[in-house]
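Residue numbers (the working numbering), protein chains in the order written: chain A, 1 to 262; chain B, 1 to 291; chain C, 1 to 357.
For every residue, glycine included, the Cβ atom is placed at its ideal position computed from N, Cα and C.
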Amino acid sequence: MADNTDNNVKAPVLDVQELGIDFGGLTAVNDLNMQVYDGEIVGLIGPNGAGKTTVFNLLTKVYNPTRGRIIFDGKDTAGKTVVDINKAGIARTFQNIRLFGNLTVLDNVKTGFHNVIPYSPITAILRLPKYYASERDIEEKAMDLLKILELDQFAYVTASNLPYGAQRRLEIARALATDPKLLLLDEPAAGMNPQETAELMDMIRFVRDHFKIAILLIEHDMKLVMGICERITVLNYGMMLAQGTPEEIQSNPDVIKAYLGD
Amino acid sequence: MQFLSYLINGLGLGSVYAIIALGYTMVYGIAKMLNFAHGDVIMVGAYIAFFSLTRFGLPFPAAVLAAVLVCTTLGVVIERLAYKPLRQATSLAVLITAIGVSYFLQNGAQILWSSSSKVFPSVISAGSISLGSASVSYLTLLTIVTCIVVMICLTAFINKTKTGSAMRACSEDKGASMLMGINVNRIISITFAIGSGLAAIASVLLASTYPSVYPTMGSMPGIKAFTAAVFGGIGSIPGAFIGGLILGIIEIFAKAYISTQLSDAIVFAVLIIILLIKPTGLLGKKINVKV
Amino acid sequence: MKNITSIFSLSGDKKKRGRLYSFAIVIAAYIIIEILLNTGNLSSLFKSLLVPITCYVVASIGLNLNVGVSGELNLGQAGFMSVGAFCGICVSGILANTVTMPVIRLVIAMICGACLAALFGFVIGIPVLKLQGDYLAIVTLAFGQIIKSIFMNAYIGFDEDGLHCSFVEATFKLKQGGKMLLNGPMGATGTQKIASFSVGIVLILIALFIVYNLMFSRSGRAIMAARDNRIAAESIGIHISSTKMLSFVVSAFLAGAAGALYGLNYSTLVPNKFDFNTSILILVFVVLGGLGNMTGTIISTVVLMLLPELLRSLQDYRMLIYAVVLIMIMLVTNNEWLKTKVKVITNRKAKGGASNG
């Protein structure tokens, strides 16, 4: 029997084709080609200002591309809004933490279930049976997510009072609540000490295995990147510099030059 | 033609709104607060000018000077006592405090000077000049000229003087300004002083045009000038100028061609329409948030 | 790490208790006042304030939903009250002969007023959604002024031919035996007073029911998420426009019901009553009671409405004192030095409580 279980035959969950964006006279991203397959953990690295977060903003429709296409789950994402793309299955965390500061940790995660377990405002106001059933479901699923991200002891803490590392994990929990097919993590380990980073690596791997999703992450911490990413794309000045496995990237002279200079 | 005289009268009214709007926009740009009491400072200015002219029999320029001095002092005192302690508070808290100050001024005026209207003496001779087919009263002319002079002087002050650049720096980034050695407290006080001084000038022009002086006279012009400032782009000085002029023109045209009773509604309706087309006001800058 | 939970506060139970307190306060107040009324212990001044206070409490609860929960500065709440008031007066006037029981007519008028105000809220919400911050505030202010202008120029009446309505006095003609409902700037005159304090109390309870049920639900979380971080809320699939619209319409609905009750409490009512100053008054009630805190709103509204009356003995100076009191309260509650002091005390309390439980 012929074995055609190559990645090349299976369609990628994210297919970026010749993606480019100009801001006035500045080209922030140019001619980017990249694929992410189901269940993969892919890294997006590059020096500061390379355009990594811009790529995330393009994928989540915060910006609209000037050139190129983004195919997600087999469908072209052109014309979609930020809200649409999340409903389609892309969730993200932010480089500068964006939590709902006045809500508790548990409520932050519960907001993520907004479109996953919906019910109307009338149901809420009249406290119809669907309200109670839905809220029980949301509470249970939210607590599960908190446990996975080791935030359950903070459940009733106001989000703005959380320690920094916990805030980053909360963003991940909230993004996961939206039931995504692709999770974009923007510097999830920023500001973490080595032990927190090691725990985070285990969490990310667990999340991928448990929820069976693809993960694309931006990171500067090379130990994390090389430790959990199966493939890496290197960006420099908005263009792809190299793509490959961690070993290939680590020994690539162009990459070394980009990071360390001549 | 009627059109031209309406236009010029609109410019006249708009000039008053523009001068008042400058006070709102400068304070907002630098202290990041809505000085709700600004309209009532105008009222105080009108009363001071009134008493200077009638009870003390001062000549017109002296009356204006008296109003300017009192209003400037009042503005700085209010800032120091009521707004400065709330620099770190939410903008809503400062707004409510400003409302308290406004009520205080209105009711204080009512107690001191009674709520019955006083008639502001006419100091500008009643003649007029003809501009083409329209006749323009001396008062309207004076109002428009004053506004232009104020604009020129203020723009020169902001762009050419050291204090002016300090003010521009504070409106961009107070923290960085402090690190650059700018005395932010002094700059904010100066801003209030200038705004209140301008309010005094506007008050005299307003009281000359609509000669009744009463404790709540500053309320409606204040609201309108505030909407003019937002309309032109809050924080932008040219925006306040243009916003005020356009608002005045719209109001006069609405009174003339549509209905006096509905003129206010029309002014506000036009404002809403413009803001829908350009959500940050005519000359307002869109603040780009880093995602 | 383990001690952090003891420092921070608010389990779900505590929030529930807070909600029950507000219902309890309202019911307790009602019982006390009814007793005082029946034993003839209330001054006529206080009696005349009963219905207006309930109206302003409901309008303030609605505004708190806008400002406190949704984070939008609405400077036109009085406009929605006026829509409810004049709609309610018209409905009551029209139904005067068909629905003779005053309470039923009152309730119908209030529902009509609330629904019309909610419709206005929806229509106004459409342009308002596009704006943010101060620009949104200005547009709500502008709409409040426009609504006032509309009612200043509205002539509505009905006779044997049906309902007549005009915006120009000259073209308005009413047959003999017809009833004038709204007379332009003179507003409504000769209104049958059918408002009642009990209905007002029930309205407050309904308002609390609606607002709390909304706040503690999926919609409430979405509204608060949109308030706390718009960009993040969009990224998890929340339509910011929908959340803003929801809070606007519910707030307008409540203001409309309150307005109808208010309008049917007086035999004459002028459109000028619902001006910018009234909108600001309601805003002050909300801010002083605490943004998002409905119990606080009830208390602050009652206190601030009674204060000028209690100071009546000081005659002309009372509004001045009111203004000074307002400024003092704002300075004291927003000064950083005092704020940190309060935090330390409440932390000590929570720490002590948690370690016992």
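Best match in the options for proximity to residue i [C-alpha to C-alpha]
i                : options                                : result
THR333 (chain C) : B:ALA46, B:VAL77, B:VAL94              : B:VAL94
GLY185 (chain B) : B:ALA202, B:ALA166, B:THR280           : For the sequence presented, residue 185 (chain B) should be read as Asn rather than Gly. Out of B:ALA202, B:ALA166, B:THR280, B:ALA166 has the C-alpha closest to the C-alpha of ASN185 (chain B).
SER267 (chain C) : C:MET180, C:VAL287, C:ASN213, C:LEU311 : C:MET180
LEU50 (chain C)  : C:GLY200, C:TYR212, C:LEU65            : C:GLY200
GLY259 (chain C) : C:TYR30, C:SER70, C:GLY79              : C:GLY79
ALA142 (chain C) : B:THR280, B:PHE226, B:ILE258           : B:PHE226
ARG208 (chain A) : A:VAL42, A:THR245, A:ARG127, A:ILE138  : A:VAL42
THR280 (chain B) : B:LEU179, B:PHE231, B:ALA126, B:LEU92  : B:PHE231
THR72 (chain B)  : B:ILE96, B:VAL44, B:TYR83, B:ALA89     : B:VAL44
ILE25 (chain C)  : C:ILE108, C:LEU129, C:GLY296           : C:GLY296
ARG98 (chain A)  : A:GLY74, A:ILE21, A:TYR164, A:ALA155   : A:TYR164
GLY39 (chain A)  : A:ASP22, A:LEU59, A:GLY79, A:LEU14     : A:LEU14
LEU363 (chain C) : C:LEU326, C:ASN293, C:VAL58, C:LEU63   : The displayed coordinates of chain C run from 1 to 357. Any statement about residue 363 (chain C) would go beyond what the structure contains.
VAL16 (chain B)  : B:GLY235, B:LEU206, B:VAL68, B:ALA229  : B:LEU206
LEU371 (chain C) : B:ALA31, B:LYS285, B:SER91             : In this structure chain C extends from 1 to 357, so residue 371 (chain C) is not present and cannot be described.
ILE31 (chain C)  : C:TYR56, C:GLY68, C:SER198, C:ARG17    : C:SER198
Simplified DSSP assignment, three categories, for residue i
i                : result
MET220 (chain B) : helix
LEU10 (chain C)  : Confidence at LEU10 (chain C) is low in this model, with a pLDDT of 38, below 50, so its placement is unreliable and no value can be given for it.
GLY46 (chain A)  : coil
THR189 (chain C) : coil
LYS84 (chain B)  : helix
PHE120 (chain B) : coil
THR98 (chain C)  : coil
TYR155 (chain C) : strand
LYS175 (chain C) : coil
ASN4 (chain A)   : With a pLDDT of only 43 at ASN4 (chain A), under 50, the local geometry of the prediction cannot be trusted, and the value read off the model is given with reservation. Reduced to three states, the DSSP call for ASN4 (chain A) is coil.
SER165 (chain B) : helix
THR60 (chain A)  : coil
ASN293 (chain C) : coil
VAL225 (chain A) : helix
VAL213 (chain B) : strand
PHE51 (chain B)  : helix
Per-residue burial, residue i [other beta carbons within 10 Å of its own, 16 or more giving buried]
i                : result
ASP186 (chain A) : buried
GLY25 (chain A)  : exposed
GLN195 (chain A) : exposed
SER114 (chain B) : exposed
CYS153 (chain B) : exposed
ASN4 (chain A)   : Confidence in ASN4 (chain A) is poor, its pLDDT being 43 and thus under 50, which makes the residue's placement unreliable; the coordinate value appears in the next sentence. Its Cβ having fewer than 16 others within 10 Å, ASN4 (chain A) is exposed.
CYS165 (chain C) : exposed
ASP134 (chain C) : buried
TYR132 (chain A) : exposed
GLY132 (chain B) : exposed
VAL62 (chain A)  : buried
VAL145 (chain B) : exposed
ARG136 (chain A) : exposed
LEU246 (chain C) : buried
HIS210 (chain A) : exposed
MET1 (chain A)   : At MET1 (chain A), the pLDDT of 42 sits below 50, so the modelled position is not reliable; the number obtained from the coordinates is stated separately. Exposed, because fewer than 16 other Cβ atoms sit within 10 Å of the Cβ of MET1 (chain A).
ASN107 (chain B) : buried
Any contact of the region 177-192 of chain C with the region 215-234 of chain C, i.e. 3+ C-beta pairs under 8 Å?
The region 177-192 of chain C, when compared against the region 215-234 of chain C, does not touch it at the 8 Å Cβ threshold.
Minimum length 3: unbroken beta strand (DSSP E) runs contained in the region 80-164 of chain A:
90-92
Touching by the beta-carbon criterion (3+ pairs, under 8 Å), the region 272-281 of chain C and the region 33-48 of chain C:
no
Scan the region 220-280 of chain B and note each continuous alpha helix (DSSP H) run of 4 residues or more that stays entirely inside, going in chain order.
Taken in chain order, the complete alpha helix (DSSP H) segments of 4 or more residues contained in the region 220-280 of chain B are 237-253, 263-277.
At a cut of 8 Å, does the region 226-241 of chain C reach the region 298-306 of chain C through at least three beta carbon pairs?
No: the two stretches stay apart, fewer than three of their Cβ pairs being nearer than 8 Å.
With contact counted as at least three CB pairs below 8 Å, one residue from each stretch, are the region 78-93 of chain A and the region 173-184 of chain A in contact?
yes
Closer than 8 Å is the cut-off here; do at least three beta carbon pairs connect the region 151-170 of chain C with the region 241-254 of chain B?
no
Completely contained alpha helix (DSSP H) runs for the region 112-163 of chain B, where each covers 4 or more residues:
138-160
Contact between the region 99-118 of chain A and the region 196-213 of chain C (3+ Cβ pairs under 8 Å):
The region 99-118 of chain A vs the region 196-213 of chain C: no contact.
Validate contact between the region 245-258 of chain A and the region 191-208 of chain B using beta carbons, cut 8 Å, 3 pairs:
no
Please go through the region 227-266 of chain C and give each complete alpha helix (DSSP H) segment of 4 or more residues, from N-terminal end onward.
230-235, 240-263
Just by C-beta distance, which residues in the region 88-102 of chain A are closer than 8 Å to chain E?
In summary, chain E is missing from the structure at hand, where the protein chains are A, B and C.
For the structure I just gave you, are there three or more beta carbon pairs, one from the region 117-130 of chain A and one from the region 160-176 of chain A, closer than 8 Å?
no
Determine, using beta-carbon pairs with one atom in the region 136-156 of chain A and one in the region 78-86 of chain A, whether at least three such pairs fall under 8 Å.
no
Touching by the beta-carbon criterion (3+ pairs, under 8 Å), the region 67-84 of chain B and the region 177-197 of chain B:
At 8 Å Cβ cutoff, the stretches touch.
Does the region 241-255 of chain C come into contact with the region 120-132 of chain C, if we say contact requires no fewer than three beta-carbon pairs (one atom in each stretch) closer than 8 Å?
yes
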